Amino acid sequence: MWWNIKHNWQPGMRSWRGLMHITPGYLGPNALPVPNMEKGVVPEGTSMELGADFYFRTGDPTQDISAKYYRSFANERIGIELYGVVYEHYNMSDTIRDERIARDFNGKGYAIGDFYFATLLQLIKGKKFPDTMLRLGCRTASGGNLEAARYSDSPGYFIDFSFSKEFADANKKLSFRPYASGGFYCWQTNDDFDLQNDALLYGVGADLKYSSWSVSNSLSGYSGYKNERDRPKVYTFDLKHTINKYTLRLQYLYGLRDWTYQGVKLSMIWNLKK
Numbered sequence: 007m008w009w010n011i012k013h014n015w016q017p018g019m020r021s022w023r024g025l026m027h028i029t030p031g032y033l034g035p036n037a038l039p040v041p042n043m044e045k046g047v048v049p050e051g052t053s054m055e056l057g058a059d060f061y062f063r064t065g066d067p068t069q070d071i072s073a074k075y076y077r078s079f080a081n082e083r084i085g086i087e088l089y090g091v092v093y094e095h096y097n098m099s100d101t102i103r104d105e106r107i108a109r110d111f112n113g114k115g116y117a118i119g120d121f122y123f124a125t126l127l128q129l130i131k132g133k134k135f136p137d138t139m140l141r142l143g144c145r146t147a148s149g150g151n152l153e154a155a156r157y158s159d160s161p162g163y164f165i166d167f168s169f170s171k172e173f174a175d176a177n178k179k180l181s182f183r184p185y186a187s188g189g190f191y192c193w194q195t196n197d198d199f200d201l202q203n204d205a206l207l208y209g210v211g212a213d214l215k216y217s218s219w220s221v222s223n224s225l226s227g228y229s230g231y232k233n234e235r236d237r238p239k240v241y242t243f244d245l246k247h248t249i250n251k252y253t254l255r256l257q258y259l260y261g262l263r264d265w266t267y268q269g270v271k272l273s274m275i276w277n278l279k280k
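What follows is the structure in structure tokens.
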């Protein structure tokens, strides 16, 4: 088989699964992404979001369709998120394929992504102390095509606290909200001795809102302990414009370390109710 020859594999050696690196630097852009930053406040209402995402990297251009459902409860004290990649198309070069020890010979195809769910809990809001929120998130192992190094075929979870403080004019038409977060991210690996990678999760950013427009800039990432391209850092620009019950959203992501993609995300949000 071509893969055995390429990687000089012999009977008795570890299987191809054991030779792969389950880290963001050796998988596709949606495998172990930096979780979206929260901003210290449980958003109000119920919404559905559908997006088209485009990732650019020499040797691995990737496109996907993503979806997200959100709902808040108990006067915005609790929120739930359900989201994931519905469909992914990829086109790897031979160089990227071999670096990732992938077994997809032509490096082209599609995959179904991981499914995520998270619970948001408002701890403090409207006090002198910054607004504070706790997020408990889980990533399932529903993503496919491990042999093409698209997803990890393993579960993970993350827990973080986010903090923010809003500064607004008298009628709240214009507001500014700096925010920060810190927490923990853990995922299962294929290492016989270290069965999971534990990472420090962090981020900082700021929102500026005017009327129906909002713009956000943030820097976020996590730092695993194995030092195998497991310390991704990402800059994110997020622009939203709300028209009646609909919100148009444009995001730009720039990978600064280990996650070496640039991403453009276009989505429509249906604000179902408040």
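Residue numbering for the sequence shown follows this note's numbering, beginning at 7 and increasing consecutively. Even for Gly, the Cβ is constructed at its ideal location relative to N, Cα and C. These figures come from a predicted structure and were not determined experimentally.
Problem - C-alpha distance - arginine 20 paired with histidine 27, whole-angstrom precision - result: 13 Å
Problem - Sequence-distant residues of the same chain with beta carbon closer than 6 Å to arginine 25, five excluded per side - result: Correcting the residue identity first, residue 25 is leucine in this sequence and not arginine. If we look at leucine 25 and ignore the five residues flanking it on each side, its Cβ neighbours are Ile107.
Problem - alanine 205 (DSSP reduced to helix, strand or coil) - result: strand
Problem - Distance between glutamate 234 and tyrosine 116 (C-alpha atoms, nearest Å) - result: 26 Å
Problem - Simplified DSSP assignment, three categories, for isoleucine 71 - result: strand
Practice task
Classify lysine 271 as helix, strand or coil using the three-state DSSP reduction.
Solution key: strand
Practice task
Specify whether the stretch 35-52 and the stretch 124-137 touch according to this definition: at least 3 beta carbon pairs, one from each stretch, less than 8 Å apart.
Solution key: yes
Exercise for the section: Quick one: grab the DSSP three-state call for lysine 12. Expected result: helix
Handout entry: Cα-Cα separation, leucine 88 to lysine 74
Key = 6 Å
Exercise for the section: Following the continuous beta strand (DSSP E) through arginine 103, name the residue where it begins and the one where it ends. Expected result: Careful: arginine 103 lies outside any beta strand (DSSP E), inside the alpha helix (DSSP H) at 100-105.
Handout entry: Cβ shell of threonine 253 (< 6 Å), same chain only, five flanking positions each side left out
Key = Lys246 and Ile275
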